[in-house]
Each structure stands twice: as structure tokens, then as C-alpha cells.
RNA sequence: GCGUCUGUAGCUCAGUGGAUAGAGCGAUGGCCUCCGGAGCCAUGCGCGGAGGUUCGAUUCCUCUCAGACGCACCA
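Residue numbers (the working numbering): 132 to 745.
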């Protein structure tokens, strides 16, 4: 289906052309003065200069044309109920109620509610998550996972072939650190016996708890013990060169860690198509280095191998990209470039999207430029980087535990669930009479399950409703509130709709829009709130497209919030179940079914679900 | 020092080359025997600053102030 603004703009373009003006002036936008009109076109003022006319004169000509066209139009083809030219040259429009209703009826019939799929199956790589092997997920990993998951779902919904890759940190110095720490703790292991020639054990010499403790302690040691650090660097290089005993340890680390990471991401309802890591770039690196040298891009500087990334039009000088350390080891940039080679070979994506902390912006600028300069990624393939801000505590500083430590993601999720659980109980207490009357008592088990679902929504919505690039304050109290611009409020609205539909069905109503015996149709709106709700619904397809085009999940948050508000206004003004005009009642049921579907589609791409009850 | 990002209501955040810049929370005062009170109304509070482009700038440009972050062998 065409977007409502397209339909209106097309009509306006026709009018501008007919009056002898260029169609580019005919752009129509949603009104910023809802008291005056629903849509507006400001093109007459822009056109005034070019045509040396008063803006109001142009606006009046166009309006006259549209009004005449309206009179000539078939009864079923009326688009506007109001068209007027207003000083200094605004063209104000209101939609015809029947037109509005027929647009919504059209949406309801389509599988994706009238959304076209601009993706056409194009492959897009989304690189997010970025967990490090052997290190527990902590709050610093939250944003990449949550934003990335949403971007992946948005793209998939729009028909792109989205490939999400967690891109694990599994090949860097931390591996050397762990190996050397392990040597100090358990020197008797066969991996450290240079003369050992047998098979390596299948069992890992550590469990996840021990592994998570080894890394921080090794990392701390490397900061004070210079020789330990050097040994770790040497071990990293040997691993990268394929030294069998270290590769065997590495495989153990991977197996133990990956199982834990999968469980953790699963709890967040975050999913990856690929569980690749930096190590997968390993096989491409020797060729990469030779090729960069062959092409004359890489040269030696202070012992390291670097690539200049200057481009025409640079106003400043950017530091070169290091592709090989002076000891010959690979580093971040090297593996990222190697990964691109692999992705081009295996998937040939039409677009890359990387989601990482905004402090890494320079790094991504560097590798994108190297990739384009060396021709590893086609010059017309967009490479986008979303740099997100820090999640801060209420003090405005990076979020910490009460004693100043790094908070684990698991802990944060548990805390949110507990807070939501408390709210459910508290709320149940307040409306006890109602819950009893409506037969909505909730078992302890259901309350716990519900808290899990609602808690995740609170967490994700709290994060996604902010612009990604900005730092934001994590406020448990606010995010878990059942009122205001929060995840739980959106879920509540959905639950409320379900409750109405359930009662309607219980009274013998039919909510199956496909049933032949159900002739219901959304009707032209009568009240203001109903009209506003319907207008809000028409924005759906445009919002989805824009949000993905701008990689801005917060626009979807904003939309579902506004839609939820519009629904609640409608709900307040219209008593659906006691409506005696059955045709109107059926229309309203259709309408709220559509609201439910749109809200559900919205939260689905945001990455969370609604419970049956709250 | 150089660079990037960010400055909007008491707080947390949206938003836009157009007409009167919006929400939520908090505050104050009201309302509602209504399909779930998780509601509604009213009041108060403002685009960091200075120039420029424009018919029109909070939005675009320049400068400036403030904060966060980044500036080669960590990831």
C-alpha cells in the first residue's frame, strides 16, 4: 500500500502541475497545528519567489483546483473534507472520513498491515553484540545487543535478508592472558609440556565460573607485571600462528564460554544468525597483509605496518590505520578487515551495519576507508556505523553496582524483574476488588512469568526510546513504571485491548476478521478521539520505513507510545462493549484489532513481547 | 593541542526550514459510581551564547561557551 502522505502528495503534485508549478513544491507533511488542520503543504511560500507571485495567490489557485476536482470526483474517491489556503500561503487539509476509514480497512486486509517491503531480499550484515569470550556479559554489552537486535528485526520486517553476527572478541590479547594465567595456576597441564605429543583432553580444564575469574585476575596482573604481559603477548602470537597446544586451550575456552553467552543472550531475547568471531578472520589475514603491501597501501612505520586513510576533501588529518603490530601480531583492525573479506566471499552483502560504543568511531572510520581503498568492499556498498552512548546511573556517571563494580547483565535483568514483580503485586493490591470481580486473579507462577516479560520490555524500551548516540540515565523506577512513556505502558495498552476483545467474544461477538459471517468494517470516525486514533494508525508504514532508513529504533518507540495514547483517549470516550449500534460496534472492534496488530508489530521489531495479562 | 559527539521545562527525554516548540516524571489545584483508576482536566516551567543565510531558523552555516569521549601497535 502507498503511504498516506504519498497519496496526498500525489494529489497535491497533480494540482501544482495543473496550475503550472513544479511538483517539487507540492510536498505535504503532517500538520504541526492540529487545531487548524491534519496535513499541510508549505510549498506555495517556497514557490513564491521562483514564480514572482504572492504565496497566498499560488495557494489559492491550487486550492481552487483541488476543490473543483473534489466536486467532479466520484463519490468514493473523495480525499479531503477540508481544503483551504491560509495567510501567508499555507495550504491546510483535512482527510475525508470515508477515505480515512477505507485506508484502514485496506491496511487490515494486508499481511503486514499495508507495509511494502522495500528490502527485496537484499542481504545486510549487522554486526552487534561484540561479547568477549571468557568475560561475562555486563551492562556495557547491553546497548549493542538491544539496539542491534532491533535493527536486525526492523530490517527483516521490511524484507531485507538480515544477517546478525555477534562477532565475538575471541582472538585478541585476552586469550594470551588467559593461557599464561592458566600456566601459572596449573603448570602440570599437558598443554604446557613442550614435549607432549598425545591427544589433548576433551574435557576443559576449567568451568565457566573459574574462567570468568581467571581473566580479570590475569588482566590486573598484566598491568603491574611487565614480564607477565610480555609472555601473554607472546602466547597470543603463538595462538594466532596456530601452535597446537594453545589452539586446544582456546577451543576449550570457546566451548565453555559460548554456551554461557548463548544462554545470556537468549534471556535477553537477542538472537544471532552467526556466532563468528575475530578468529574466523585468521585465515584471511596473511593474504590481507600481503595484498595491502602489494597494492602499496601498507607501509612500515615505527616497526608496525600501517595504512594511510586520507581522502580528498578531508579537513583534518586522520591517524593511519595499524594493520600489523611490530611483533607481527594481528589486532582489532586486522581481524575486522579479514572479517569483511570473509563476508564478501560468503554473503556479498549490499550493506554493512556495525553497532558499537561511540568511542570506537575513529576505528570504524579507519577500517571502512581501508576496505574501500583496497577494494575489499565495493565502493557503492554503504557501511554504516551506529555509535551509541553510555548507560549512566542516576549520578550521570557510567552505571555501576552499589559498591562501584561492573554490574553483570544477569544481575541487571534480575533486578528489573524483581522491580516489575513488586509493581504487579502492588497494583493487584490496589485494584483487588476489580481483579476479583473480573476474575483476573493471578497465580504466583503467572506473576513471575509476567514480570519476566514485562521486565524485558521495560529494559529494552528504556534503552531504545533514547537516541542511540546519546548517553542516557538508567532509572529503574521510571523504566518499570506502568504509566508514562515506558515499555510496560505500551504492554498495558495491548493487554487492555485483549481484555476488551475477550469480553466481546464472551458475549458472543466475532473477532475473526476473515470469517465470512463477519461483515464488520471500520467506519468513518464520529468523535475527535476516534479520528485521532485513526490518523495515528495511518502513519504506521511510514514510521517503520523511516525508522529503519535512519537506523532509529527510538522513532518506533515514539510512535507506539503516541498510538497507545491515542487508543487510550478513544477508549475513554467510547464505550465499546455497551455500544448498541451493532454496526458501529463491529467497526470499533475492527479498529481496536488493528491497533492491537500495529502495536504488536511495533514491539516485535523493538524486540519484546506482550503478556496475556498484567 | 587536534578532532568527534552532545547542550530544549525543576528532572528524564522527543521534535521541526514554517503558523502557538511537545511528552513523561515531579509540584499545585480539581474531576471521574467508566469495557482494568495503570484514567482525565487545569496551572507553572523553555531551544547554552553571539553572528550569518532565508520571506521565515530552535532546525542550516560560522564563531564561542560548557560537558562527554577519542587521538597508532587494547578491543
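Here a beta-carbon is modelled for each residue, glycine too, at the ideal position from N, C-alpha and C.
Alpha-carbon spacing of residue 348 relative to residue 162, whole angstroms: 59 Å
At least three beta-carbon pairs within less than 8 Å, the stretch 258-273 to the stretch 663-682: No, because fewer than three Cβ pairs between the stretch 258-273 and the stretch 663-682 fall closer than 8 Å, the two stretches do not touch.
Under the three-state DSSP convention, the category residue 562 falls into: Residue confidence is low: residue 562 scores 49 on pLDDT, short of 50, so the model does not pin down where it sits. Its coordinate-derived value is still stated next. Coil at residue 562, not helix or strand.
Residue 783: first and last residue of the uninterrupted beta strand (DSSP E) it sits in: Outside the displayed range of the chain (132 to 745) lies residue 783, so it cannot be described from this structure.
Own chain residues within Cβ distance below 8 Å of residue 531, not counting five before or after: Taken in chain order, the residues that qualify are 524, 537, 538.
Which of helix, strand or coil DSSP assigns to residue 141: helix
Rounded C-alpha distance that separates residue 160 from residue 170: 6 Å
With 16 other Cβ atoms within 10 Å as the buried cut-off, status of residue 455: buried
Distance, residue 470 Cα to residue 408 Cα: Cα to Cα, residue 408 sits roughly 9 Å from residue 470.
Residue 669 - containing alpha helix (DSSP H), residue span: That run of the alpha helix (DSSP H) goes 659-669.
The beta strand (DSSP E) enclosing residue 617, as first and last residue numbers: Taken as a continuous stretch (DSSP letters only), residue 617 belongs to no beta strand (DSSP E), as it is neither H nor E.
Sub-8 Å separation of residue 661 and residue 699 beta-carbons: No, they are not a contact pair.
Meets three-Cβ-pair contact criterion under 8 Å: the stretch 374-393 and the stretch 416-434: no
Proximity of residue 522 and residue 721 at Cβ, strictly below 8 Å: Not a contact, by the Cβ cut-off of 8 Å.
Buried or exposed (CB count within 10 angstroms, at least 16 for buried), residue 406: Buried, since its Cβ has 16 or more Cβ neighbours within 10 Å.
Between the CA atoms of residue 310 and residue 822 - distance to the nearest angstrom: As shown, the chain starts at 132 and ends at 745. That puts residue 822 outside it, with no answer to give.
Collapsed DSSP secondary structure at residue 207 in the structure displayed: In this predicted model, residue 207 has a pLDDT of only 49, less than 50, meaning its place in the structure is not dependable; the value taken from the coordinates is given anyway. In this structure, residue 207 counts as helix in the three-state DSSP scheme.
Extent of the continuous beta strand (DSSP E) run through residue 221: For residue 221, the enclosing beta strand (DSSP E) covers residues 221-226.
Secondary structure of residue 685, DSSP reduced to three states: Note: residue 685 maps to helix in three-state DSSP.
Outcome for residue 480 when other beta-carbon atoms lying within 10 angstroms are tallied against a minimum of 16: buried
Of the listed residues 674, 702, 723, 691, nearest to residue 643 (C-alpha basis): 723
Three or more C-beta pairs below 8 Å linking the stretch 578-596 and the stretch 607-616: yes
For residue 405, the three-state DSSP class (helix, strand or coil): strand
Straight-line gap, residue 272 to residue 262 (C-alpha atoms, nearest Å): Computed Cα separation, rounded: 7 Å.
Contacts around residue 562, its chain only, beta-carbon distance under 7 Å, and the 5 residues preceding and following it disregarded: Confidence at residue 562 is low in this model, with a pLDDT of 49, below 50, so its placement is unreliable and the value that follows should be read with caution. There are no such residues.
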